[in-house]
Amino acid sequence: MTRKFEKHEALWAKLAANPEARLPVIVRFDMPALPDAASFASPAAADEAHTKAIRAAQDRILATAFPQGALSSAAAAEKNLKRMDFSPMFGIVASADEIARLATDPNVTLIQEDRLSKPSLNESLPLIQMPAMYAAGATGNGHHVAVLDTGGRRSHQFLSSRINSEACYNTTGIQGSVSQCPGGVSSSTATGSGEDCTASNIYGCGHGTHVAGTVAGYNTSPASGQPTSGVARDARLISINVFSRFPANSSSPCGAIPGYTHCVLTFDTDQIRGLERVYALRNTYKIAAVNMSLGGGEVSAHCDNDARKPIIDQLKAARIATVIAAGNDGYDSAVGAPGCISSAVTVGSSTKWDFRSDFSNWGNLIDVVAPGSDIYSSYINGSANNYFSFSSGTSMASPHVAGAFAALRNAFPNATVDQIENALKSTGEGISSAGVVKPRINVNDARIVLGGGTPPPPPTGPANNHFVNRITVPLPAVGGTRTVTGSNVGGTAEGGEPIHAGKHSALNSVWWRYTPTASGPITIDTLGSNFDTVLAVYRGSSVGSLAEVASNDDADYYTIQSQVRFNATAGVEYQIAVAGYMNEAGNIRLSVHGGVAAPVPPANDNFANRIVIPPHGAINGPRSVTGNNTHATAQAGEPRHANRSVATNSVWWRYTPATSGRITIDTNGSSFNTVLAVYTGTSVGGLRVVAANDDDPALGRRSKVVFNGVAGTQYQIAVAGGFGNNSGHIRMTVRGGGRYDTTPRPENDNFANRTMIPPHGAIFGPRSVTANNTYATAESGEPLHANRAVATNSLWWRYTPATSGLITIDTRGSSFNTVLAVYTGNSVRGLRVVAANDDDPDLGRRSKVVFNGVAGTQYQIAVAGGFGNNSGHIRMTVRGGGRHVVSSAGDQVASLSSSGPTTPWPEGTASPAPITVSTSPLHWPARVPVAPLALQHDDTARPAAKAREVADDVKRPSRPALTSSVDGVKLLSTVVASGTDGPLPDGGDESVAMLAVTNAGSRTARVTAELSFVSADGVSIPVPAGLSICRTDASNGTCVGVKATSVVFDAEPDRVITFAAFASSREDVSALLSGHGVLQFRFRQGNDTIGTASLEIDGTHVIGSL
């Protein structure tokens, strides 16, 4: 009889030796074939007949084996009898004698153990081509995916309105199991029955919510960083909880799990009941797939005698795929059950770089692969309905495939399971591991193949094949090592790429980059790579300008992988190349050790640095603050908070209520298990406890205290980590002790009263404003500035640039930690963010944004407090968007006067002249007629081009200076004057060009000059002349300092700087200047022209000045 008891001789012997022992088993039996479904009046009638026939067969077998009333409800409950509706089997808990009696029934074919399985614990969607699927309309709309898991939180924002049907199948009383179905029943299909478990002490809760979100989640209003959707973003879900609760201890199936008192596991029979529920709903919903992210064991061949196969086969015949996770034990040639069933679709896990995830099972039983490392999806965190978390596992890969089935079924409603599976297999990206290549799904390529088309060829080469695509190596922990993986298969060398480690054959390189935060020794190696590597480290920002820092072929005589050591400088970006000796290729394991600064504790780590919490404006109004206790420490003499010796990573606040009465403080909304304590006293060693708490019953692992506060008393508040010295984000709220606030709000507290900032008179001129946000508030509907929930004390301005271009706004000079945000829109509820910033790297706790402004567009600017909702003096400066200084010709005046400092002539008189104005924002070329270009000397007019000093002992020519103004404001100007011998004198005489510019920013600048002749047909010819330049005194035009080839200076913003450029030639240039054209000086800063000055000439005669 034991031949019917599958592969469990040891268990059978144990049962036979102990008549009291009982074992959960699955009893499978033969039964006559049923009439074809088409012979029934409806599919529902066929299902009813099918179920009746199976139940009758179950009754006959049970009546024979248990003649003393085993079919009574009490006996059935005691034996955990689980009847199947569509599968010829049932589950029962039986002794050795009862199993023997069941085996004697000629209709019983196999008795198997009812085994336990466990959960198989924004970059993945583009990787599998889902954006292209959405563009093609293949979103899963109208189709469902059933998720057999721990359930799904239907109130989560990612799953809102996604779960259309629920069920629960659990077991109580076997090996300590307890049903998690509503009311503790063993089965339910009521609304809410498929809800995920939420208790933080149960290992595995939240697994189903994460899986469901990956399949078909959808975020209608994603916050920054949150995922926007799951794979089949328009599909709907059937949530079925098949996981019972077990104690987590050494004698239970869970084993001991540190930090948890229970775990969840699932019986095969409960999975079968869940699958049968899906089959029963096949005519109610269009179901594309079932996802089973569960399993266990090590199976290297198909397990088609598994009790779950019959119902999986029936689902497949109904065009419903059963998608199962392969398991996370890292086996190279095995998967877990039920992934070994041949008619299931078994899924392995890959990384975003298209490598096998190191935890994923592998081998020939894998059907397809999908991303399963670091998948971001919905998760459980207390009662929060907007919590997301990263998880890794084949459990995360499997729902990608289940969602892909729904999206493809949307596009091809009549395709079979095999057709869709084969399309996914034939178009997948091959991932090789342990000698087996398996396809990572490309869903849109599968859609094209199903439609009869040919997908485009895949891109070649690794993602980081080229220097510009190098991958950042994240910083390791202090004293630790950061290891990343990659491949140089298909890698190539670029033009200009250096020879790595002197090995000319190492031409298949891939690139990473690493920026240490601390100076000191760094070690980088490729140990663990599976080929002969070459490693090189460089400094530089382009592949053609790299300077080698260190390189190596073989780490030592016995090792063909590479290793380098060097002293690094904090903040320098090091470029890392890995290639193969003799162009070998394979999987790369790159490790970096060193270069990380010791962690910086929080600002309020010590009692002396505790942060003030100001009382609220209303007596019982809430005042919330945020912080983080990561890297926090305990001080000498610090008390045990809430008498917890592990709570040593504390941070401190202080609160002085303005009114006496009841005060409540809690840490609800914090990301970890907190401990909260309140004291009086002025030193860390002299504190007296007022109230303390570890876990509040209503808040789970968060804390709350209530006490009677006394107005004017300073209370010291400590928050630390509870179990395991946890750390993370802190949100603390104080209620009570507030004041009646009659202080008037700032004028621009509300959006409607925002203050106008007028554009500056110069394009890049700064416009600064000041204010104070003390007592400022947030309005209803106001956005989260820079996504900071604490930035609620905002003030508002509006700015409309007069010109388009780059605009910079900063809060440099403000007295507190600011948050800055810029929007467009005309109402506080209808704003669209343009740019936002909390802390600018160059300004510390002050903020800066840079964006391209559009002339005439009104930009709304908000400034609020950052950490702790700070407030105080605000200084804000806007640069860019100013108006052109010269905007029309009608109001402009130009005059000409002598500026030659050594001329014996009296100063010339200013002669107004009509001008033509360009619209250049950088300089003002004004064309002046010839006639006014004269100097007044003893009532005798001399042409400007021939103006010359008459005294024999004076060598320098007189220099006419063109001065321009608009409404009395001096503008940028240029002018050229020549010596007596023509536009470019020889014999040592000089022509001179003068320039005035307004500096746009505070920085070091270098200005040079060029000279060329531009002919009438536009050809520019360099003029052979000696050129020098000097910075000049703006009042008289004389040089300040010596003349040189360039001028280097430090300038302040908005300061007018003047220059003079001098040209002379001892060559005869008359032939060059014989035509009609322009002799042109150019003033340059780097490659940018910042001013020009010209003489228009005809032969050697000056016609006019520009």
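Be aware that the sequence shown starts at 0, since it is given in numbering that gives the first Met the number 0, and climbs by one per residue. Built from N, CA and C at the ideal position, the CB exists for glycine as well.
Among the options, the one whose alpha carbon lies nearest that of residue i
i           : options            : result
residue 768 : 777, 776, 758      : 758
residue 271 : 156, 241, 654, 411 : 241
residue 193 : 639, 204, 200      : 204
residue 453 : 462, 460, 443, 306 : 443
residue 348 : 553, 631, 396      : 396
residue 318 : 275, 413, 231, 300 : 413
residue 688 : 695, 359, 678, 694 : 678
residue 848 : 468, 879, 829      : 879
residue 79  : 659, 220, 165, 178 : 178
residue 379 : 436, 388, 372      : 388
residue 628 : 637, 621, 647      : 647
residue 415 : 465, 315, 402      : 315
residue 345 : 528, 583, 327      : 327
residue 428 : 402, 350, 384      : 350
residue 651 : 713, 51, 659       : 713
Between the CA atoms of residue j and residue i - distance to the nearest angstrom
i           : j            : result
residue 479 : residue 595  : 9 angstroms
residue 491 : residue 258  : 49 angstroms
residue 17  : residue 206  : 38 angstroms
residue 990 : residue 1044 : Unreliable placement is indicated for residue 990, whose pLDDT of 46 sits below 50; the coordinate value is still reported in the next sentence. For residue 990 and residue 1044, the distance between alpha carbons rounds to 16 angstroms.
residue 433 : residue 361  : 8 angstroms
residue 291 : residue 359  : 16 angstroms
residue 331 : residue 693  : 45 angstroms
residue 14  : residue 22   : 8 angstroms
residue 146 : residue 794  : 48 angstroms
residue 672 : residue 697  : 14 angstroms
residue 861 : residue 220  : 22 angstroms
Residue i: first and last residue of the uninterrupted alpha helix (DSSP H) it sits in
i           : result
residue 273 : 267-279
residue 230 : Here residue 230 belongs to no alpha helix (DSSP H), and DSSP marks it neither H nor E.
residue 27  : Unbroken run through residue 27 is the beta strand (DSSP E), 21-28; no alpha helix (DSSP H).
residue 102 : 95-103
residue 418 : 416-426
residue 365 : Taken as a continuous stretch (DSSP letters only), residue 365 belongs to no alpha helix (DSSP H), as it is neither H nor E.
residue 52  : 42-64
As assigned by DSSP and simplified to three states, the class of residue i
i            : result
residue 437  : strand
residue 1123 : Any question about residue 1123 goes unanswered here, given that the chain covers just 0 to 1105.
residue 805  : strand
residue 242  : coil
residue 176  : coil
residue 208  : helix
residue 896  : Caution is warranted here: a pLDDT of 33 is assigned to residue 896, below 50, making its placement in the model unreliable, and the coordinate value is therefore given only provisionally. In the structure shown, residue 896 sits in a strand (DSSP, three-state: E or B).
residue 678  : strand
residue 661  : strand
residue 652  : strand
residue 14   : helix
residue 248  : coil
residue 686  : coil
residue 595  : coil
residue 141  : coil
CB-CB length for residue i against residue j, believed under 8 angstroms
i           : j           : result
residue 212 : residue 239 : Not confirmed; about 16 angstroms, so no contact.
residue 729 : residue 666 : 6 angstroms
residue 553 : residue 561 : 7 angstroms
residue 858 : residue 852 : 7 angstroms
residue 535 : residue 499 : 4 angstroms
residue 664 : residue 733 : 5 angstroms
residue 393 : residue 324 : 4 angstroms
residue 461 : residue 483 : That belief does not hold up - the Cβ atoms of residue 461 and residue 483 are roughly 13 angstroms apart, past 8 angstroms.
N- and C-terminal bounds of the beta strand (DSSP E) containing residue i
i           : result
residue 847 : 847-852
residue 524 : 519-524
residue 345 : 344-349
residue 558 : Where residue 558 is concerned, there is no enclosing beta strand (DSSP E), given that its DSSP letter is neither H nor E.
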